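According to the working numbering, the sequence shown holds residues -17 to 100 in order.
Heads up, the beta-carbon is just placed ideally off N, CA and C, and yes, glycines get one too.
Owing to the predicted nature of the structure, the values given are computational and were not obtained by experimental measurement.
To keep things clear, I will list the structure first and then write my remarks on it.
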Amino acid sequence: QVQLVESGGGLVQAGGSLRLSCAASGRSVSITIRAMGWYRQAPGKQRELVATIGRGGSTVYADSVEGRFTISRDNAWNTVYLQMNSLKPEDTAVYYCNVQTFASRDYWGQGTQVTVSS
């Protein structure tokens, strides 16, 4: 089992920045995780990928956030971050942390609200 706790959401004006954090805990979590990432879901829309980072450090970004958002993780693979710069109103959503394990299981955080005002 992997438990995820997110933090860092909030209200920000367009053009501003926020940093999301997601702390993972659980038995042998650091060697269990294959990839960590962030997804988001806006009202009335499906959940979508924002960014992921794999065990080897490879990253994937949604086209809509490329160049503005940066995903990173700590060396212990306990925490994943999402630095969000140049925020736009269309970035408003609930952001969810996701962990994929080598056993092909998915875990999700509870979500953190990000609201960008125009």
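Query, Result
"Have a look at ALA44 and ALA6 and give me their C-alpha separation to the nearest angstrom.", "23 Å"
"Check whether the segment 48 to 65 and the segment 86 to 94 are in contact - that is, three or more C-beta pairs closer than 8 Å.", "no"
"When we look at the beta-carbon of ASP73 and count the other beta-carbons within 10 Å, is it buried (16 or more) or exposed?", "buried"
"Looking only at its own chain, which residues have a Cβ that is under 6 Å from the Cβ of SER99, when we skip the five neighbours before and after it?", "GLN(-5)"
"Whose C-beta lies closer than 6 Å to the C-beta of GLU(-12) among residues of the same chain, with five residues either side of it excluded?", "CYS4, CYS79, GLY91, THR94"
"Should ILE35 go down as buried or exposed, given a rule of 16 or more other Cβ atoms within 10 Å for buried?", "buried"
"Which residues in the same chain have their Cβ closer than 8 Å to the Cβ of SER(-1), if we skip the five residues on either side of it in sequence?", "GLN65, MET66, ASN67, SER68, LEU69"
"Within the same chain, show all residues whose beta-carbon is closer than 8 Å to that of THR61, passing over the 5 residues directly before and after it, in chain order.", "SER3, CYS4, ALA5, ALA6, ARG55"
"Taking buried to mean at least 16 other C-beta atoms within 10 Å of its own C-beta, is ARG22 buried or exposed?", "buried"
"Using the Cα positions of ARG1 and SER10, report the straight-line distance between them to the nearest angstrom.", "26 Å"
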